[in-house]
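S.K.:
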Amino acid sequence: MDIEIIEQQLKKVPPEIKNAFFSVNTALQIQKIGERYGLLLDQIDDLVQETGLTMIGLKPATEFVNRISKELRIDGKTARKIADSINDEVLASIRKQARETSEKNQIQEESQAKDLKEKSNIADLERAGDFTIEKEGDEEKSDSAIKRDNYGYTEPLVDHLLSTPVAEPQQKIVRYEDGKLITMPPIQVKTGPDPYKEPIE
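Going by the UniProt record's numbering, the sequence shown opens with residue 1, and the numbers climb by one from there.
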């Protein structure tokens, strides 16, 4: 068969079948089946080729038994046994992989459709209520948050925004008298408004 026809057909088949077509493991499995039924090397080669062409859909599966009987020059009963062995040992695992992939793709498609529907419902709700729902990672950052993210620090609080004045740190007075350390209590600094001062109106 022409190599260009095979290449065109391989573009149409699912990846599991394409991988099996090129797999050394598939060829070895078919070779073992051929050896089990006493086939010669050239017959095994023909069996691998016929199986591959059937797998990718270039030759009909319904005629597989007749084709291998004719190509391998074996009787129909042996051809049927070989076909059953190939079906059970080679093609069944390929079908299983294709089915699992198909189910996984279907689940992903359903999940995407569900997510799309939920997003659509949220968008409808946002339009009806004239608001937007913040999504994780979508929020716009304030200037200070951007500065914090870019420079690794947070902006200090501005003193004039505090309700009471910020007190200076208290200092302890330390003296040495006759070689002994004497610690005096810290100087009390007034903080806040003067309680005795009359308010000005």
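By construction, the Cβ of each residue, glycine as well, lies at the ideal position given by its N, Cα and C atoms.
Owing to the predicted nature of the structure, the values given are computational and were not obtained by experimental measurement.
Taking 7 Å as the limit between beta carbons, can you name the residues of its chain near E71, skipping five residues before and five after?
M.R.: D46, E50.
S.K.: Please identify the residue among I6, K96, Q43 whose C-alpha is closest to the C-alpha of K59.
M.R.: Among I6, K96, Q43, the Cα nearest to that of K59 is on I6.
S.K.: Alpha carbon to alpha carbon, what distance is there between T101 and Q112?
M.R.: Looking at the two C-alpha atoms, the distance is approximately 16 Å.
S.K.: Look at the alpha carbon of L116 and the alpha carbon of N66, and state the distance between them as a whole number of angstroms.
M.R.: For L116 and N66, the distance between alpha carbons rounds to 51 Å.
S.K.: Which residues in the same chain have their Cβ closer than 6 Å to the Cβ of V13, if we skip the five residues on either side of it in sequence?
M.R.: Contacts found: I56.
S.K.: Could you check the C-alpha separation between I82 and F21 for me, to the nearest Å?
M.R.: Approximately 18 Å, taken between the alpha carbons.
S.K.: I want to see whether chain D comes within less than 8 Å of Y37, judged by CB atoms only; does it?
M.R.: Checking the listed chains, one finds no chain D in this structure; it contains a single protein chain.
S.K.: Using only CA atoms, which one of R73, S85, D2 lies nearest to Q31?
M.R.: Among R73, S85, D2, the Cα nearest to that of Q31 belongs to S85.
S.K.: Look at the alpha carbon of A98 and the alpha carbon of E109, and state the distance between them as a whole number of angstroms.
M.R.: Spanning the two alpha carbons is a distance of roughly 16 Å.
S.K.: Measuring CA to CA, which of R80, I74, K18 is closest to A61?
M.R.: For A61, the nearest C-alpha among the options comes from R80.
S.K.: Could you pull out every residue in the same chain whose Cβ sits closer than 8 Å to the Cβ of E35, ignoring the five residues on either side in sequence?
M.R.: Excluding residues within five positions, the ones whose Cβ falls inside 8 Å are I44.
S.K.: Quick check on Q29: buried or exposed, where buried means 16 or more other Cβ atoms within 10 Å of its Cβ?
M.R.: Burial call: buried.
S.K.: Quick one: what's got a C-beta closer than 8 Å to P195's C-beta in the same chain, skipping five residues either side?
M.R.: If we look at P195 and ignore the five residues flanking it on each side, it has no Cβ neighbours.
S.K.: Near N74, what residues of its chain come up, given a Cβ to Cβ distance below 7 Å and the 5 sequence neighbours on each side ignored?
M.R.: Per the sequence shown, residue 74 should be read as Ile rather than Asn. Excluding positions up to five away in sequence, the list is empty.
S.K.: Among S23, P193, P15, Q8, which one has its Cα closest to the Cα of V90?
M.R.: Residue S23 is the option with its Cα nearest to V90.
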